[in-house]
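Asks: Residue numbers (the numbering used here): 1252 to 1334.
(1) Is it true that the CB of residue 1317 sits closer than 9 Å to the CB of residue 1293?
(2) Using CA atoms only, rank isn't needed, just tell me which of 1287, 1295, 1291, 1307 is closest to residue 1322.
(3) For residue 1270, is the classification buried or exposed, using 16 other Cβ atoms within 10 angstroms of its Cβ as the cut-off for buried?
(4) Near residue 1261, which residues of its chain fall below 7 Å by C-beta distance, leaving aside the five closest residues on each side in sequence?
(5) Just the C-alpha distance for residue 1280 and residue 1329, rounded to the nearest angstrom, thanks.
(6) What number of angstroms, rounded off, separates the C-alpha of residue 1296 from the C-alpha of residue 1315?
(7) What separation, rounded to the nearest whole angstrom, lies between the Cα atoms of residue 1273 and residue 1320?
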């Protein structure tokens, strides 16, 4: 009977780990989505013909930072840092 109880405890532990991993992955995917939305908004703003060069450069720098952030989030979401 003790062996059956240990199996249940082990299964529960595995399920808890999987749940935590799934929650973290969902959080990362939400961050990725938010970053992509922000990048799209910056790109749309950069299309404004009334922007001067300084404003356009600032938008470009923000876009590059978001792009770098996106790459890191994607690495995490693919499981490189989750297990």
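Here a beta-carbon is modelled for each residue, glycine too, at the ideal position from N, C-alpha and C.
Replies: Let's see:
(1) By one-based count along the chain shown, residue 1293 stands at place 42. By one-based count along the chain shown, residue 1317 stands at place 66. Yes; because the gap between Cβ atoms is below 9 Å, this pair is in contact.
(2) Position 71 of the chain shown, counted from the first residue, corresponds to residue 1322. Nearest Cα to residue 1322 within the set 1287, 1295, 1291, 1307: 1287.
(3) By 1-based counting over the chain shown, the position of residue 1270 is 19. The residue is exposed, with fewer than 16 neighbouring Cβ atoms inside 10 Å.
(4) Locating residue 1261 in the chain shown gives position 10, counting from the first residue. Excluding positions up to five away in sequence, the list is empty.
(5) The residue labelled residue 1280 in the question sits at position 29 within the chain shown. The residue labelled residue 1329 in the question sits at position 78 within the chain shown. Between residue 1280 and residue 1329, the C-alpha separation is close to 10 Å.
(6) Locating residue 1296 in the chain shown gives position 45, where the first residue counts as 1. Locating residue 1315 in the chain shown gives position 64, where the first residue counts as 1. Taking the straight line joining both Cα atoms gives about 15 Å.
(7) Counting from 1 along the chain shown, the entry for residue 1273 is found at position 22. Counting from 1 along the chain shown, the entry for residue 1320 is found at position 69. Cα-Cα distance, rounded: 21 Å.
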